[in-house]
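For reference, the structure discussed in these notes is given below.
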Amino acid sequence: MEQKGGLVGEEVKIVEVSQRSPIQHLQGNHPLSNKTSSTRQFLLSIPIFAALLSLILLILVEIGSISPQKVLSQLYFIRLDLRSVVPASVPDAGFMNSVAQSLGLKDFYQVGLWGFCDGTLVLKDGAMHNNLDECSPPALGFWFNPVDIMTSSLLEGATIVLPAEVQGALNILKDASLWMSRMFLAATVLTFISFLLSVFPLLVHSQQLVKGGGSSKSKAYNAAAARWSAVPFLVTSFAACLCTSVACFTATTIYVMVFHAFRLYKEVNVQGEIGVAIFALMWTSLLANWVGFWCVLVGACCFGGRG
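Position in the sequence shown (from 1) plus 3 gives the number in the numbering used here.
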């Protein structure tokens, strides 16, 4: 009877094992539980899409206002309305504004990362619309200089003179603008590299699931491989996050200051308009970069498996 009972116990064990799913067989001896493995796989998948999203948004920021095309024309840091550059408080302001227009001064100018565009306001369907006329050639050394921007379209010999205090502020803006453009360029390159490297942690994790468990030595090797596979992405992603952060904060500081400076400076009537679209793009790209970085950091360190 004891021998028969033992055989029955063996049969029960065989039945229990046979009822396990293939995935349970695969992960039965794996250091990661089914729930932990799914969580880690989810965390390691997010950076791929986050880096791609950030890259696309940064590219849009880079190419904003380099062409009069409809989409690109809506991407600018600031737009300066010069239709009534001479304040109404000045005698014969209307006549002087007409003279300024006849000298070639455009209705508005808008600034991108590598250049600027000018245009005129046209009446269409009972409303005024911004119509871009032309854009300057993209230049790596471009910086926001209102004098150069406004005089670029004037007739030969015509010029604009700003007070000394305004010119002094422009010298500070020059260094900040050049630094900002370099940071945006570095952020775009680093984000592209991060996107390429974001696949490796997920690939290593998938290979570990396919191989399943093993000896304690094999488990320790898998845990180390899972963490080290994330190091290249973490390094480049962190650098991309820093560059994007510096670029976003610098751009926001520069153009918000310029916007308020023109509002407070009453000697000329220049109406500034902040480009909401381009600021939304660049801050969203920054958020996406940080999300990707933290997902890999948590997925590799907290769900990397134990030896």
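Note that the Cβ used here is the ideal one computed from N, Cα and C, for glycine as well.
Linking K109 to M153 through their CA atoms gives a straight-line distance of about 8 Å.
Counting every other CB atom within 10 Å of its CB across the protein chains shown gives L199 a total below 16, marking it as exposed.
Shortest Cα-Cα distance from N133 to any of W182, S139 and S76 involves S76.
Within the DSSP bridge table, the entry for I81 names V114 and I277 as partners. In this structure, L46 lies away from C304, with their beta-carbon atoms at least 8 Å apart. The shortest CA-to-CA distance from L193 to any of S248, N272 and Q44 is the one to S248.
Between the region 170–188 and the region 49–56, the count of C-beta pairs closer than 8 Å stays below three; the two stretches do not touch. For N133, the secondary structure class from DSSP, reduced to helix, strand or coil, is strand. The C-beta distance from I62 to T191 rounds to 7 Å, short enough to fall under 8 Å. G144 counts as exposed, since fewer than 16 other C-beta atoms from the protein chains shown sit within 10 angstroms of its C-beta. Rounded to whole angstroms, F296 and F195 show a C-alpha spacing of 14 Å.
Per the coordinates, the alpha-carbon of Q72 lies some 11 Å from the alpha-carbon of C120. Secondary structure note for F119: it is in no alpha helix (DSSP H), and the uninterrupted beta strand (DSSP E) holding it is F119 to K127. At a Cβ-Cβ threshold of 8 Å, T255 and F236 do not count as neighbours. S201 places its beta carbon 8 Å or farther from that of F147. When the five nearest sequence neighbours on each side are left out, the beta carbons in the same chain lying within less than 8 Å of the beta carbon of V301 are those of L46, in order along the chain. The Cβ-Cβ distance between G67 and L83 does not fall below 8 Å.
Within the same chain, Cβ atoms closer than 7 Å to the Cβ of Y258 are found at F80, I81 and I277, the five residues on either side in sequence being excluded. Pairing F203 with C246, the inter-Cα distance amounts to about 23 Å. By the Cβ neighbour-count rule, L116 is buried, with 16 or more other Cβ atoms within 10 Å of its own.
Distance between S232 and V207, taken at the CA atoms: about 7 Å.
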